[in-house]
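Protein chains in written order, with our numbering: chain A, 1 to 257; chain B, 1001 to 1624; chain C, 2001 to 2097; chain D, 3001 to 3511.
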């Protein structure tokens, strides 16, 4: 019981952390805590096989997958915590609390008989007992899970696979396109400006400042822009603020006079 | 032979069906088939009549049944026909006059492209009219009753391309339907009271029922009779019905169909004998119509409408007589027969005149036609003498008898009937003077000429009948003949000797003739005086004593507004409620739609909330 | 026993609330996993209470299904991210007419 | 088996027509095929009628098989005289309607085959409804008839068809739901009484408390009143009739609507006799209102099809009046009326449909003087109209008189007020005839053709039947009467005895 009382608060706190963390990575770590704690609780409850599976499958495989995808779509980005649907949060909280309360009341009604314990069931060993069930009574369901896994694998492949729809464009094509854009739209044919040329901020996520003081969006690498990770708003006033921090600029003062 | 009464009906019916189904192929000879059918029915009717005469007095009613028409529950209708003294006379009138008019129509309709159709309708009419008079059951009678109504509708509206003709046909049918309503309710009352609608059974059992039943039946049948016979207050259709071809006016709207109401009353003698009130109402209706018809006849310039007013008036006489009970039934029928002859004669004569005048019906455009159309003039003149009751002519006997009977019933009613005779003499004299005497007033391009012999021969025959029709009364034959049906007629108790009455009537008639001759001795203007310039009496007569206006204001307009109101209510009220409900639901759905934000988290909240409800429900059930 | 079940419910509710309030599809997904794990805990606890291994078997199946689901789910998230450059579930509101 | 074959034949025909290879590209083939199927069905129906023992009265050709034992539903068919009458009406009208529909201009000509397939399907379902003696089966078929009609109106109708189709569907579904609730109630009652059953024969003897009976009765009655349609539940009919093809309108008004009045007799009167007695005064008043209201509204219509629809509201008023007067005469008359009204409305809808197709407008004011160039068309319209206004000598007169006379023995005021309908009938029919057919020919109507051979062939049988039944209704009544008598006995009503009965036979037959 000690284990439970130690782990239970941790798990609840971690679960709360899961839904409150701004950053997805933190949430994932919280989830990992819950899962490992669960594994321990399984062990405590005479389920050594599930303990192992929980660690291997959940913490080992599933959590890794989560983190993998997180890395893929931008690990740094923290979510905005401003709710966009009116009343959603309040309603969720109310329903959640009511749900929890109701279920807890319900438990008192349901769990009345005393605990039998698994000593007898686990007499031949937990794994053997499970195996006996899986391969006799639940054998059909088990086979179906096999089919499910295969389907899932195929599904993941289909979903993640990207067919090349057009032949890749060669350097020549790109160059021609660039010149055509210059001719037709007046786009600068040269390389895009490198980020942070006016090195107020020494990073690739800072857009370059153009001579008129505006930012050049295309100076930030495209993948950052797509994730929305470029630094915003190095507009004129920000530049001025930064300049003021750095020190008085004589030219500026001359101009003022 | 007497069992063949169904054949009387079948022959013209087959003629009508043949002509209608055969189609254009029969255009060339259709009229001959129709005339032959009518003539065959007449011959058969004559043979049957002779056989009937040969029978004993109490063996003269032969009922034949073709089988059950329909039955359910307690109700049972036999398709049965009775050939007896009354119906035999009608059969002869209908087929006899009918055949003559068929012959006449061959000439009259010679140039009409739809002549085959016309003859088919005529045959249909003859069949329906025979059904009416031969029926042994009120329901079969009603079949004929509506059949003649249909034929009348088709024939009044025969020239359908004229709006007025179509409107007149509709008016006739719809006003008759009002009468039919009375008939139908009477039929239902008979069934509810006696469990049958057999004419013999109902009239035989009427004494067992309460007096009020008899009165109700009598009044309801009178409503039907008023519709069919153009009696006040359902008379307005008859003048419009003159839109039909003239032979139709002669056959249907003078000689036969319009007298069906009188037939009905006489046929229902049992019912009327049992109800004093019903009889009195019949007398009043007859008297009022008599005077109104005569009034209208005096004011119209349209020759056919004068004759139509006159028809109304004469049927009023018959109704009056029929309302007098056994004292008058036979005379009603007698007058009906003689009127059938002389009025058909005059209508056909008027048709002959119109034929000569390029279908102009305005008497003010006639004048001095006696020289141009001698045969028409002579035959028409004989009809004229008959209708005014010139001594020795048929009308003299029949009308005199009615006036005598009316005097015996009530002095004032008798006097009123007498005045009616005088007025009749006046307007008929007016018609004669304007049409055949005086100076010619027709336009130069009109060339009056005598009609072809196919038209004049029927005129001559009918004129002869008009003169000789009084023979039916020789030795009181007709009263004796009809006694089994009409009951024994007591000689009326008159306040003065009969001869005084006859002289009085003659004096009144002579006065009327004299007035007519005097007033129209000189030229009449070929255009009628404007409404404003004539007396209110004339104006009312011209406007058919404003009955159309009254009907319009009391019936047509309210129904029209009611209809509009209901159409509006149906769209707004009933359908509005339904569509309104639909709209409200639609609006509510629009509101609910807002909850469907498209955000998956909203839906998830819904699912979660739903799960909560389910759990709550389960808990509630387990805890309860 | 009751406390295990209560914990399970608590975790389940927290997971559900997480699904409702988080917008990052990956986090939403993690919350779903939390809910699944919570039920697993209930299964295992009930197995112990009833003294047989059927509950554990059920938990095992849940894990298998969860694994498959995660694979597909993440694949979907990746492909959505590829086209829409976002993992916010609010962006995928095409259900709205 | 006979009845199953009869009902299934058109349905198989419908499948054939719908699935025949190349059907969508060959309308002519489809039409011939559909006509052939409907004629085969007619022949089968005639065989059934020939084998029917009219004097016996009860249900014949009975088939009964367990269907859903769990709820006691049976596949049970059987025909009594009333059912046979309506089956004959259905099978007679179907070929007429299909032949008349050959020339229909559909919104999507490529779907001609589905048009005819739905018609055949409707025929089969209607036969099933008239033959079903299990209320569960009846309900299923009753609701199933909505499907073909919905598509016939909604997919193949004219202007405003989708509005009309939806309105039609919702009205009838709401009615159907009320009926379903009542059927569930019946199920509960039979289950409580012992064995669950939906069989007509079992339900007749069911012991129901008065209050429950009234509620269940109302569920059934409202469904049928919507179908019939009775005032004030009628407003779907004019819209549906105005937006469908003439053939669809005929199927709807002449056949499907008859299901309502037919079911009133079979299910309301027989199963809930007490409640029927209880409701009869109100229903009769509603029926009389329907009669006058329908007639008055018909007078006020400009659209010919809406006019005919409203005349039907009026006629259905007569039918319901006859049914709920509970006399043998009136109820037999009402049954006969169903048949006759089917014929006369079919003629009216089809012939005006042909007229409307020629002109491209259904507005009465757009016509005038047509009689001059198309006399046969005008003649058939007139006969149809005269039958609608119940002219003696045409079939509907007898039934209308029977209804009125039977009602008169029960309630004089109602019968007298209802009789005013005969005047209004003359007004609406003759005004319509006058405005369309008489007077000078309106400009723009010169191109109107006379009926062609096919159209005439389609209409002639109905016209001949109308005239023949006007004089010889005996064969039909001999089938109807023995079936109506037990209904009246079941309701517990007795024909009022005339206060001064006359033995008509002895009085009338003296030579």
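Beta carbons: idealized from backbone N, C-alpha and C, even for Gly.
Could you compute how far the alpha carbon of residue i sits from the alpha carbon of residue j?
i: residue 3101/D; j: residue 1572/B; result: 34 Å
i: residue 3407/D; j: residue 1185/B; result: 11 Å
i: residue 1587/B; j: residue 1570/B; result: 23 Å
i: residue 1231/B; j: residue 1303/B; result: 20 Å
i: residue 1/A; j: residue 1598/B; result: 46 Å
i: residue 3035/D; j: residue 3460/D; result: 16 Å
i: residue 136/A; j: residue 2070/C; result: 28 Å
i: residue 1006/B; j: residue 3183/D; result: 54 Å
i: residue 65/A; j: residue 150/A; result: 17 Å
i: residue 1107/B; j: residue 1454/B; result: 6 Å
i: residue 3508/D; j: residue 1199/B; result: In this prediction, residue 3508/D scores a pLDDT of 42, lower than 50, which makes its location untrustworthy; no coordinate-derived value is stated.
i: residue 1553/B; j: residue 1153/B; result: 24 Å
i: residue 3430/D; j: residue 3412/D; result: 28 Å
i: residue 323/A; j: residue 115/A; result: Coverage of chain A is limited to positions 1 through 257, which leaves residue 323/A absent and any answer about it impossible.
i: residue 3185/D; j: residue 3216/D; result: 7 Å
i: residue 3072/D; j: residue 3140/D; result: 15 Å
Assign residue i to buried or exposed, taking buried as 16 or more other Cβ atoms, counted over all protein chains shown, within 10 Å of its Cβ.
i: residue 161/A; result: exposed
i: residue 168/A; result: exposed
i: residue 3019/D; result: exposed
i: residue 257/A; result: Reliability of the predicted coordinates at residue 257/A is poor, the pLDDT of 41 falling under 50, and no value is obtained from them.
i: residue 3001/D; result: exposed
i: residue 191/A; result: exposed
i: residue 1190/B; result: buried
i: residue 2007/C; result: buried
i: residue 3143/D; result: buried
i: residue 3383/D; result: buried
i: residue 1332/B; result: buried
Contact check, residue i vs residue j under 8 Å by CB: the rounded distance?
i: residue 1136/B; j: residue 1080/B; result: 4 Å
i: residue 2958/D; j: residue 3473/D; result: As displayed, chain D neither begins before 3001 nor continues past 3511, which places residue 2958/D out of reach and without an answer.
i: residue 3017/D; j: residue 3113/D; result: 6 Å
Quick one: is the Cβ of residue i within less than 8 Å of any heavy atom of the ligand GDP?
i: residue 1562/B; result: As for the ligand GDP, it is missing from this structure, which has no ligand bound.
Would a C-beta distance cut-off of 9 Å place residue i and residue j closer than the cut-off?
i: residue 138/A; j: residue 2057/C; result: yes
i: residue 3350/D; j: residue 3197/D; result: no
i: residue 1336/B; j: residue 1318/B; result: yes
i: residue 3164/D; j: residue 3243/D; result: yes
i: residue 1441/B; j: residue 1524/B; result: yes
i: residue 1227/B; j: residue 1234/B; result: yes
i: residue 1313/B; j: residue 1424/B; result: yes
Any contact between the stretch 1153–1167 of chain B and the stretch 3428–3443 of chain D? By contact I mean 3 or more CB pairs, one from each, below 8 Å.
With contact defined as three or more Cβ pairs closer than 8 Å, the stretch 1153–1167 of chain B and the stretch 3428–3443 of chain D are in contact.
Quick check: the stretch 3222–3229 of chain D against the stretch 3312–3327 of chain D, are at least 3 beta-carbon pairs closer than 8 Å?
yes
Within the chosen definition, does the stretch 3447–3461 of chain D reach the stretch 3095–3111 of chain D through at least 3 CB pairs nearer than 8 Å?
yes
If we count Cβ pairs, one from each stretch, closer than 8 Å, do we get three or more for the stretch 1039–1048 of chain B versus the stretch 1093–1103 of chain B?
When Cβ pairs closer than 8 Å are counted between the two stretches, the stretch 1039–1048 of chain B is seen to touch the stretch 1093–1103 of chain B, the count reaching three or more.
Are three or more beta carbon pairs between the stretch 3394–3410 of chain D and the stretch 3334–3348 of chain D nearer than 8 Å?
yes
Touching or not, the stretch 2071–2082 of chain C and the stretch 2003–2018 of chain C, by the rule of three or more beta carbon pairs under 8 Å?
no
Would you check if there are 3 or more beta carbon pairs closer than 8 Å linking the stretch 1042–1052 of chain B to the stretch 1086–1098 of chain B?
yes
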